[in-house]
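Take a look at the structure set out below.
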Amino acid sequence: MKDLKIKSTILLIGIGNSGRGDDGLGWKFVETIDGQGYDFLDYEFRYQLQVEDAALITNYDVVIFVDASHDKLSGGFEFRRCISASHSFFSTHAQAPGAIVHLANNLYNKFPKAYTLAISGRSWELETSLSEEAENNLQAALSFFTEQFLPTAVPQLVFSH
Amino acid sequence: MSKKITIDPVTRVEGHGRITIHLDEYGQVENCFFHITEFRGFERFIQGHPYWEAPVLVQRLCGICPVSHHLAAAKAIDQMVGIDPKDLSPTATKLRRLMHFGQVFQSHALHFFYLASPDLLFGVDAPVEKRNIVAVAIEHRDLAIKGIAMRKFGQEIIKAVAGKRIHGILAVPGGVHKTFTKEEREYFLNGKDIENIDTMIAWSEAMIEFMKDYHEKNRKFLDEFAQFPSGHLGMVNDEGGMDLYDGKLRAIDSEGNITLNDIPTDLYEEYFSEAVERWSYMKFPFLKKLGREKGWNRVGPLARINLCNFIPTPLAEKARQEFVAFTGNKVNNSTLYSHWARLIEMLHCAEAIKLLLHDNELMGDDLVRKGNPRLKGIGIIEAPRGTLTHRYEMDEKGMITRCNLIVSTTNNNDALNTAVRWVVNNVINRKGTITDSMLNQVEVAVRAYDPCLSCATHAMGKMPLKAEIYNHDGGLIYERFKD
């Protein structure tokens, strides 16, 4: 099988539906980071994760799945390692991040560091804007990502290369 | 007093449904229904929007087959700007066909590799934790990798012509908004960045060989499981060959007799009507002249192969001839042959994509044409799951006043119910207990039709997953649930 060209070391995947209110949090986060011009980041947008995303993430050292959460998370968001997980699916066209990592590990023998970034939302109606609460949570997540995650993650990646 | 079994929703179908089985006090089946109870929205939601928004908006009712909705809507909107299919420029027609073949190819790959293969590879008795793509990936790594690459190829075709893999835009009223480039063509031919089209053809042929081998070992199961007589509906070209993008509507009965003789798609409403049932939000289309009970048809790969005279690409036609030979050229009414038929269509799509990639008209610049506006339009296409109809009306200001969507899964509504009834009567009804395997066989029958329930109800949102069995006095004795 042929590999895609490696363009960057970190991949951000925004998951959600920007037409359903706060379900657009994942996309909005990725769009905002994209607008800040980091040349070592790549960006993808998904309504749902699909099995073929396992092939995609094998091209990166780090992958971060960004999605809205129904849960009221402390500080408005939660950033954690994404553990490989072989789920039993009722509906396999939509995959969980852990399953994508699991497939990347088992199908392609690739082990990117994977994280999930969940951002709390509140409103899921038919609209294209975020609720005020979601906007605040988005800003908190963005601050964490740019001020804490990237400064520590990027030097490690550069060093390891 | 009766007992009710609920399988809610069916696993590994696109969208979510619910099956209820009603048993009497002796444990015999009284009745069973395949319910679709999701909220219907898009037909009403789109009213008041400008007509030209339809191909963009309506595709949003599904994340799996948006291209089919995009193109069916586009065909209808073409008519509203006075353009019939024959009036489109060759470049626009070929770009739309390329997009459609890419869509059918990737959708069939999704279904066969991700949804159906666990049933075939592990059997209906396999435990639930094994009946998924992750298990396929672990035990049949090569098959899983090919499946991913084939789906990706189809999606890359869509991305090339529409800008993105899901919910992209190619069609505009009367044509397309972009052409194809030499660089894009080379991407699919040279095999440098992704597996090339020749590999897709070779792998499609290999999948058919896999299926023939499976058939050899499991013929009785394939022949008998959910076998029932029905009509078959699909689209054919002027010569009676399979045509997935445009043509005339043909229907046959379970014996192969013509019940709808190649009518222009514009005349759909003269020949078809739709029934409703209180237990489902999904409509029940039927041929008027045959009535509600006898006039329903299956649609999709099996129907299309049953009713076409030939497939207009050589390798797929050879595969079709082998397929129909198993039934002595008679109509195949066995549900599980849908999987085989789906693989033959994948091969056809791959061949058709190759032909288009080598066609220089694909890179033309005659993209949009205009005619005399009309106040209504109808677009019919053979979507991956079967015949898909979009019908729109607009006012003098160009605002949509009426929309009717008859999607593939809606056309298969009666077939789905009949398939479920077959399993209930033949697998569940004769046994003293109800096992997970039995319930899975209900799902196997449904999955063979690759139903897209979010399309069928034009739903917005999601439904929980639930399986329930009630005893004769209404007490819950079995439950399976998943968010």
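First to last, the protein sequences are chains U and H.
The first sequence begins at 1 in this note's numbering and counts up by one.
The second sequence begins at 1001 in this note's numbering and counts up by one.
Using N, Cα and C, we set each Cβ at its ideal position, and we do this for glycine too.
Since the model is a prediction, treat every value here as computed from it, not as a measurement.
Partners in chain H for residue i, counting only beta-carbon separations shorter than 7 Å
| i | result |
| --- | --- |
| H102(U) | V1134 |
| A99(U) | V1134 |
Length of the line joining the Cα atoms of residue i and residue j
| i | j | result |
| --- | --- | --- |
| L1110(H) | A1319(H) | 21 Å |
| A1459(H) | L73(U) | Unreliable positioning characterises A1459(H) in this predicted model, as indicated by a pLDDT of 36, which lies under 50. The coordinate reading is nonetheless provided below. The straight-line gap from Cα to Cα measures roughly 29 Å. |
| G1163(H) | L1170(H) | 8 Å |
| T116(U) | T32(U) | 17 Å |
| D1223(H) | N106(U) | 35 Å |
| G1461(H) | S120(U) | Confidence at G1461(H) is low in this model, with a pLDDT of 35, below 50, so the placement of that residue should be treated as unreliable; the coordinate-derived value is given next. For G1461(H) and S120(U), the distance between alpha carbons rounds to 18 Å. |
| P1085(H) | V1444(H) | 37 Å |
| G1247(H) | N1372(H) | 22 Å |
| V1013(H) | L1115(H) | Because the pLDDT at V1013(H) is just 41, under 50, the model does not fix this residue reliably, and the value given afterwards should be weighed accordingly. Looking at the two C-alpha atoms, the distance is approximately 7 Å. |
| R1447(H) | V1368(H) | 39 Å |
| M1282(H) | T152(U) | 53 Å |
| V1407(H) | A134(U) | 36 Å |
| Q1028(H) | I1046(H) | 45 Å |
| E1184(H) | D1193(H) | 11 Å |
| E1205(H) | G1123(H) | 23 Å |
| I15(U) | W27(U) | 6 Å |
| L1057(H) | Q1106(H) | 22 Å |
| P1285(H) | R1292(H) | 8 Å |
| R1374(H) | M1399(H) | 12 Å |
| L142(U) | N1237(H) | 55 Å |
| E1156(H) | V154(U) | 31 Å |
| T1181(H) | I1378(H) | 31 Å |
| F1112(H) | V1128(H) | 18 Å |
| G949(H) | L1336(H) | The requested residue 949(H) is not part of the displayed model; chain H covers only 1001 to 1483. |
| L1088(H) | R1151(H) | 29 Å |
| R46(U) | S1338(H) | 30 Å |
| T1418(H) | R1250(H) | 22 Å |
| S1280(H) | S84(U) | 39 Å |
| L41(U) | N1196(H) | 28 Å |
Closer than 8 Å at the beta carbon, the chain U residues around residue i
| i | result |
| --- | --- |
| I1148(H) | V51, E52, A54, A55 and L107 |
Contacts of residue i in chain U (Cβ-Cβ under 9 Å)
| i | result |
| --- | --- |
| R1141(H) | N106 and L107 |
| R1151(H) | Q50, V51 and E52 |
Nearest to residue i (by Cα), restricted to the options the options
| i | options | result |
| --- | --- | --- |
| R81(U) | S129(U), A54(U), F65(U) and S69(U) | F65(U) |
| E1255(H) | F1221(H), F1228(H) and G1234(H) | F1228(H) |
| T128(U) | E135(U), D22(U), I10(U) and F79(U) | D22(U) |
| F1080(H) | A1448(H), E1396(H), V1134(H) and N1417(H) | At residue 1080(H) the sequence reads Met, which differs from the Phe that was named. For M1080(H), the nearest C-alpha among the options comes from E1396(H). |
| T1401(H) | K1376(H), I1311(H), N1031(H) and W1422(H) | K1376(H) |
| D1213(H) | T1265(H), G1240(H), L1120(H) and I1148(H) | L1120(H) |
| H1358(H) | E1156(H), A1126(H), F1188(H) and T1020(H) | F1188(H) |
| E1030(H) | D1436(H), G1328(H) and V1424(H) | V1424(H) |
| Q48(U) | N17(U), L150(U) and A85(U) | N17(U) |
| N1257(H) | K1220(H), V1324(H) and K1330(H) | K1330(H) |
| L1267(H) | F1042(H), K1288(H), V1067(H) and T1199(H) | K1288(H) |
| L1356(H) | P1090(H), F1225(H), Q1059(H) and E1043(H) | P1090(H) |
| M1394(H) | H1022(H), E1053(H) and T1020(H) | E1053(H) |
| K1370(H) | N1417(H), I1083(H), F1042(H) and I1077(H) | I1083(H) |
| I1208(H) | A1160(H), V1128(H), T1259(H) and L1343(H) | L1343(H) |
| F111(U) | E44(U), A118(U) and A99(U) | A99(U) |
| T1327(H) | A1160(H), N1413(H) and I1305(H) | I1305(H) |
| A1160(H) | Q1321(H), I1021(H), E1186(H) and A1303(H) | E1186(H) |
| I1252(H) | P1314(H), Y1245(H) and N1261(H) | N1261(H) |
| E1277(H) | N1440(H), E1317(H), E1025(H) and T1410(H) | T1410(H) |
| V1172(H) | E1216(H), P1055(H) and F1210(H) | P1055(H) |
| P1050(H) | G1191(H), N1412(H) and C1403(H) | C1403(H) |
| T1405(H) | I1019(H), R1044(H), Y1026(H) and L1023(H) | Correcting the residue identity first, residue 1405(H) is Leu in this sequence and not Thr. Nearest option by C-alpha distance: R1044(H). |
Listed by chain order, chain U residues near residue i by CB distance under 7 Å
| i | result |
| --- | --- |
| A1137(H) | L103, N106 and L107 |
| A1144(H) | L107 |
C-beta neighbour in chain A for residue i, strict 8 Å
| i | result |
| --- | --- |
| W1203(H) | In the displayed structure, chain A is absent; the protein chains listed are U and H. |
- Decide if the stretch 1173-1182 of chain H is in contact with the stretch 1093-1112 of chain H; the criterion is three or more beta carbon pairs, one per stretch, under 8 Å apart. Taking a cut-off of 8 Å on C-beta distances, the stretch 1173-1182 of chain H touches the stretch 1093-1112 of chain H, as three or more cross pairs fall below it.
- Query: Do the stretch 1358-1369 of chain H and the stretch 1139-1158 of chain H meet, that is, are 3 or more Cβ pairs less than 8 Å apart?
  - Reply: Taking a cut-off of 8 Å on C-beta distances, the stretch 1358-1369 of chain H does not touch the stretch 1139-1158 of chain H, as fewer than three cross pairs fall below it.
- Task: Examine the Cβ distances between the stretch 1067-1076 of chain H and the stretch 1378-1393 of chain H and report whether three or more of them are shorter than 8 Å.
- Result: Yes: at least three Cβ pairs fall under 8 Å.
- Task: Take every Cβ of the stretch 1340-1354 of chain H, pair it with every Cβ of the stretch 1098-1106 of chain H, and state whether three or more of those distances are shorter than 8 Å.
- Result: Contact holds: three or more Cβ-Cβ distances are below 8 Å.
- Taking one C-beta from the stretch 1293-1313 of chain H and one from the stretch 1227-1245 of chain H each time, how about it: are there three or more such pairs within less than 8 Å? By the Cβ test, the stretch 1293-1313 of chain H is in contact with the stretch 1227-1245 of chain H, since at least three Cβ pairs between them sit closer than 8 Å.
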